[in-house]
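Numbering (this note's numbering), first residue to last: 115 to 314.
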């Protein structure tokens with residue numbers, strides 16, 4: 115099996131625009147390392163320039179509330195994502211750890227809202243960069259930005275993106291709560307069990 119791409123900057127687009135269709139973007143998605151993400155089709159919504167500016171101001175404000183919310187309600191998921199106790203301490207103050215960002219799952223121009231349900235905390239590099247490169251390949255042209263009617267967006271599951279695990283949700287009907295298991299090795303489970311043995 116061929117290794118998955120982790121860099122899309124050299125991706126060659128088909129010369130015929132009609133060949134840059136859903137099948138093409140699905141193929142690129144499947145050949146790229148987007149673990150635990152779904153590929154979603156979204157439709158152009160558009161924003162007026164003044165609305166766009168206000169939206170970005172709102173995003174900066176709401177994202178700080180979102181970060182603090184995660185710090186108090188998603189501690190196990192934060193640990194599973196590899197964030198240290200010191201990082202969690204700063205998250206509770208609304209401060210992002212190094213190499214983490216708040217990402218809007220669905221872009222504003224494609225009907226994405228600025229609320230907690232459309233936000234995810236994730237690593238800036240490589241995953242956030244990879245999503246934006248994938249989207250940029252669809253909207254950037256030689257003459258500037260051109261928003262297609264349909265856009266294909268790699269979408270992380272959950273409010274905290276935990277890559278490289280078999281669990282892609284924070285629990286739910288018929289699912290494990292990945293916040294309990296993700297990020298722990300067998301030896302870590304053994305050590306936890308020993309520490310919690312009666313008499314210790």
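Just so it is clear, CB atoms sit at the ideal spot from N, CA and C, and this is done for glycine as well.
Practice task
Please determine, among 224, 223, 205 and 222, the residue with the shortest C-alpha to C-alpha distance to residue 215.
Solution key: For the purposes of this step, residue 215 is taken as residue 101 along the chain shown, with counting starting at 1. Ranking the options by Cα distance to residue 215, first place goes to 205.
Handout entry: Distance between residue 186 and residue 255 (C-alpha atoms, nearest Å)
Key = Position 141 of the chain shown holds residue 255. Position 72 of the chain shown holds residue 186. Going by the C-alpha atoms only, they are around 42 Å apart.
Exercise for the section: Pick out the complete alpha helix (DSSP H) segments inside the stretch 233–274, 4 residues or longer, and give them in chain order. Expected result: 243–253
Exercise for the section: Compute the Euclidean distance between the alpha carbons of residue 119 and residue 132, then round it to the nearest angstrom. Expected result: Your numbering for residue 119 matches position 5 in the chain shown. Your numbering for residue 132 matches position 18 in the chain shown. If I take the Cα positions, the gap works out to 24 Å.
Exercise for the section: Could you tell me if residue 257 is buried or exposed, where buried requires 16 or more neighbouring beta carbons within 10 angstroms of its beta carbon? Expected result: Counted from its first residue, the chain shown places residue 257 at position 143. Classification of residue 257: exposed, given that the 10 Å Cβ count is below 16.
Exercise for the section: Rounded to whole angstroms, what's the CA-CA distance from residue 235 to residue 139? Just pull it up for me. Expected result: As a working note, residue 235 is residue 121 in the chain shown. As a working note, residue 139 is residue 25 in the chain shown. Roughly 24 Å between the two C-alpha positions.
Handout entry: Reduced DSSP category for residue 282 - H, G, I as helix; E, B as strand; rest coil
Key = Residue mapping note: residue 282 aligns to position 168 of the chain shown, counting from 1. Low per-residue confidence applies at residue 282: pLDDT is 39, beneath 50, and the placement is therefore not dependable enough to give any value.
Practice task
Taking 8 Å as the threshold, find out whether the stretch 219–234 comes into contact with the stretch 168–177 through three or more Cβ pairs.
Solution key: yes
Exercise for the section: Using a threshold of 8 Å, state whether the C-beta atoms of residue 122 and residue 269 are closer than that. Expected result: In the chain shown, counting from the first residue as 1, residue 122 sits at position 8. In the chain shown, counting from the first residue as 1, residue 269 sits at position 155. No.
Exercise for the section: Measure the C-alpha to C-alpha separation of residue 321 and residue 130 and round it to an integer number of angstroms. Expected result: Absent from the structure is residue 321, since the part of the chain shown begins at 115 and ends at 314.
Practice task
Provide the residue span of the alpha helix (DSSP H) that contains residue 187, from first to last.
Solution key: Translated into positions along the chain shown, residue 187 becomes position 73. Note, residue 187: alpha helix (DSSP H), 163–187.
Exercise for the section: Would you tell me roughly how many angstroms separate the C-alpha atoms of residue 203 and residue 217, rounded to the nearest one? Expected result: Locating residue 203 in the chain shown gives position 89, counting from the first residue. Locating residue 217 in the chain shown gives position 103, counting from the first residue. Taking the straight line from one Cα to the other gives about 20 Å.
Practice task
Identify the continuous alpha helix (DSSP H) that holds residue 204 and give its terminal residues.
Solution key: Mapped onto the chain shown, residue 204 falls at position 90. It spans 199–205 - the alpha helix (DSSP H) in which residue 204 sits, taken as one unbroken run.
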